[in-house]
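**Student:** The structure follows.
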Amino acid sequence: MDFETFFTEKLDDLREAGNYRVFADLERQKGQFPKATRHDEDGQQSEVTVWCSNDYLGMGQHPNTLAAMKEAIDKCGAGAGGTRNISGTNHYHILLEQELADLHNKEAALMLTSGYVANWAALGTLASRIPNCEIFSDSDNHASMIEGIRHSRAPKHLWKHNDVADLERLLAAADPDVPKLVAFESVYSMDGDICPLEEILDVCEKYGAMSYLDEVHAVGLYGPRGGGVAEREGLMDRVTVIQGTLGKAYGVMGGYIAASSNLVDFVRSFASGFIFSTALPPALAAGATASIQHLKQSDMERMRQRRNVKKLREKLDGIGLPHMMNDSHIVPVMVGDPKKCKFISDLLLDQYGVYVQPINYPTVPKGTERLRITPGPLHTDQDIDHLVGALSELWSQCALSRAVA
Ligand SMILES: *Cc1c(COP(=O)(O)O)cnc(C)c1O
Numbered sequence: 032m033d034f035e036t037f038f039t040e041k042l043d044d045l046r047e048a049g050n051y052r053v054f055a056d057l058e059r060q061k062g063q064f065p066k067a068t069r070h071d072e073d074g075q076q077s078e079v080t081v082w083c084s085n086d087y088l089g090m091g092q093h094p095n096t097l098a099a100m101k102e103a104i105d106k107c108g109a110g111a112g113g114t115r116n117i118s119g120t121n122h123y124h125i126l127l128e129q130e131l132a133d134l135h136n137k138e139a140a141l142m143l144t145s146g147y148v149a150n151w152a153a154l155g156t157l158a159s160r161i162p163n164c165e166i167f168s169d170s171d172n173h174a175s176m177i178e179g180i181r182h183s184r185a186p187k188h189l190w191k192h193n194d195v196a197d198l199e200r201l202l203a204a205a206d207p208d209v210p211k212l213v214a215f216e217s218v219y220s221m222d223g224d225i226c227p228l229e230e231i232l233d234v235c236e237k238y239g240a241m242s243y244l245d246e247v248h249a250v251g252l253y254g255p256r257g258g259g260v261a262e263r264e265g266l267m268d269r270v271t272v273i274q275g276t277l278g279k280a281y282g283v284m285g286g287y288i289a290a291s292s293n294l295v296d297f298v299r300s301f302a303s304g305f306i307f308s309t310a311l312p313p314a315l316a317a318g319a320t321a322s323i324q325h326l327k328q329s330d331m332e333r334m335r336q337r338r339n340v341k342k343l344r345e346k347l348d349g350i351g352l353p354h355m356m357n358d359s360h361i362v363p364v365m366v367g368d369p370k371k372c373k374f375i376s377d378l379l380l381d382q383y384g385v386y387v388q389p390i391n392y393p394t395v396p397k398g399t400e401r402l403r404i405t406p407g408p409l410h411t412d413q414d415i416d417h418l419v420g421a422l423s424e425l426w427s428q429c430a431l432s433r434a435v436a
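According to our numbering, the sequence shown is numbered sequentially starting from 32.
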């Protein structure tokens, strides 16, 4: 086989469809976030405002986070030095896991190298090792959950996204004696919609199913201490496993699960993706711990983020730009065409210094291509006005339709 020709043709297909991914080459500016320096293809530098960061609250530059990381580097050095089992467990990992267990009011927590690995390893391990386990998975679940479920080879039932009646129908139809695991998310990152958590938990309990909740886009952001949607709704004790990331609102990196001591110990003891991988650097654990601690007692970032989300939505409504309504901090501005979506994003970057990555298939269904905008507490009113003005001009240039105000 001519491998090079094969690769070239496949990549050309992506370009043709407008789905070829181009990374913006950015240098985040500590203390200036959401501003960043962009390096373009011609070696030029320019300042851009980032509008699509998952560092939702700017914790990636918070003084407490940075001080904790520097202190840990100075104390412990760079890397962990091994897997958790073979010399890689650092005291900072233990402190982080205690912090996480406390955050979710669970007996224990386990840190993994990313949220992706946490889902892949925890779901893969639970569903493959619990005899005859069957999985009930929301149809919009993240790729990391899908991979974990696939890896487990457990029978899988897909329920219609956020449709509790459909979940109940499938649970009722299953063998009452098989162990069941229901996997879903609280905040879905592309549409920004939030699951009906209490109803889902009611149904899980009725059928004796374990509940596995991905709170990746909610931890740090919802609940009085940033414990997520389950904390906000007073439901953490009813969720069997809460999974989260340290890489989004907490601004660092890493993933975790929080659950009963036995469940966490089980994953710790049997998950290959945990056992055979080097532990994250102590400094990451220290930074994440500081970030979690800060957001447990500070509401200012969350309040300011909500204000900016509301403000942006109002301004978009004012000029009739279609955005998907939801109850979260994610503002999907709908373009509905992959080439126009990429075109608008390119011009925003090149001509307006506004960075919003286009979201095209396969991340979202064809025909729902969008600009996924994530206002944060550090965007200013001028930033919002500039973004909305730029979008308005490009909307006209692309002859895209507007809602009648
Ligand atoms: C980003 C994401 C993950 C993966 O978390 P990382 O820490 O980035 O690996 C898991 N679940 C959902 C829903 C996500 O959006």
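Heads up, the beta-carbon is just placed ideally off N, CA and C, and yes, glycines get one too. None of the values given here were measured: they were computed from a predicted structure.
1. Please determine, among Ala-185, Val-195, Ile-288, Pro-162, the residue with the shortest C-alpha to C-alpha distance to Asp-169.
2. Alpha carbon to alpha carbon, how far is Ala-261 from Phe-34?
3. Look at the alpha carbon of Leu-244 and the alpha carbon of Ala-149, and state the distance between them as a whole number of angstroms.
4. Candidates Leu-154, Asp-330, Leu-134, His-124: which alpha carbon is nearest Met-284's?
5. For the beta strand (DSSP E) that contains Asp-224, what are its first and last residues?
6. Does DSSP put Asp-381 in a helix, a strand or coil?
7. Note down, in chain order, each residue of its chain lying with its Cβ closer than 8 Å to the Cβ of Cys-372, except the 5 sequence neighbours on either side.
8. Taking 7 Å as the cut-off, does the CB of Gly-278 come closer than this to any heavy atom belonging to ligand 1?
9. Please name the residue, chosen from Leu-201, His-188, Gly-351, that lies closest to Leu-431 on a Cα-to-Cα basis.
10. Considering only C-alpha positions, which residue in the set Cys-226, Thr-39, Leu-88, Pro-186 is nearest to Asp-4?
11. Between the alpha carbons of Lys-341 and Asp-381, how many angstroms are there, rounded?
12. With DSSP run on the structure shown, which of helix, strand or coil describes Tyr-147?
13. Kindly say whether Glu-128, judged by its beta-carbon, lies nearer than 8 Å to any beta-carbon of chain B.
14. Given that a residue counts as buried once 16 or more other Cβ atoms are within 10 Å of its Cβ, and exposed if not, what is Ser-359?
15. Less than 8 Å between the CB atoms is what I'm expecting for Gly-282 and Thr-96, so what's the real figure, rounded?
16. Within the same chain, show all residues whose beta-carbon is closer than 7 Å to that of Asp-268, passing over the 5 residues directly before and after it, in chain order.
17. Taking only three categories from DSSP, how would you classify Trp-82?
18. So does Val-283 have its beta carbon nearer than 7 Å to some heavy atom of ligand 1?
19. I need the boundaries of the alpha helix (DSSP H) containing Gly-179, first residue and last residue.
20. With a CB to CB cut of under 6 Å and the five nearest residues on each side skipped, what residues in its chain are close to Ala-249?
21. Can you tell which of Val-364, Leu-379, Pro-408 has the C-alpha that lies nearest to the C-alpha of Ala-398?
22. For Ile-125, does the three-state DSSP call read helix, strand or coil?
23. Assuming Arg-115 and Ala-310 form a contact by the criterion Cβ under 8 Å, report the distance between their Cβ atoms to the nearest whole angstrom.
24. For my contact list, Leu-418 and Val-385 are in at a C-beta cut-off of 8 Å; report their separation, rounded to the angstrom.
25. Relative to ligand 1, is the shortest distance from any of its heavy atoms to the C-beta of Glu-178 smaller than 7 Å?
26. Nearer than 7 Å: is that true of the beta carbon of Asp-245 relative to any heavy atom of ligand 1?
27. Assuming Ile-404 and Trp-82 are in contact, meaning their beta carbons sit under 8 Å apart, how far apart are those beta carbons, in whole angstroms?
28. Rank Ile-415, Phe-305, Arg-263 by C-alpha distance to the C-alpha of Leu-134 and give the top, closest one.
29. Grab the span of the alpha helix (DSSP H) containing Ile-104 for me, first residue to last.
30. When the distance is taken between beta carbons, is Ala-111 closer than 8 Å to Asn-121?
31. For Gly-349 and Phe-37, what's the separation of their Cα atoms in angstroms?
**Tutor:** Taking the coordinates as given:
1. Val-195
2. One C-alpha to the other measures close to 49 Å.
3. 12 Å
4. His-124
5. Neither: Asp-224 is in no beta strand (DSSP E) and is coded neither H nor E.
6. helix
7. Gly-49, Val-366, Pro-389, Ile-390, Asn-391, Glu-400, Arg-401, Leu-402
8. yes
9. Gly-351
10. No statement about residue 4 is possible, as the shown extent of the chain runs from 32 to 436 and does not include it.
11. CA-CA distance, Lys-341 to Asp-381, rounds to 27 Å.
12. helix
13. Checking the listed chains, one finds no chain B in this structure; it contains a single protein chain.
14. buried
15. Yes, they are in contact, since the Cβ atoms of Gly-282 and Thr-96 sit about 6 Å apart, within 8 Å.
16. Around Asp-268: Asn-136.
17. Coil, per DSSP.
18. no
19. 174 to 183
20. Ser-217, Val-218, Gly-259, Val-260
21. According to the sequence shown, residue 398 is Gly rather than Ala. Looking at the Cα atoms, Val-364 is the closest of the given residues.
22. helix
23. 5 Å
24. 6 Å
25. no
26. Yes, the Cβ of Asp-245 comes within 7 Å of a heavy atom of ligand 1.
27. 5 Å
28. Arg-263
29. 94 to 107
30. yes
31. 48 Å
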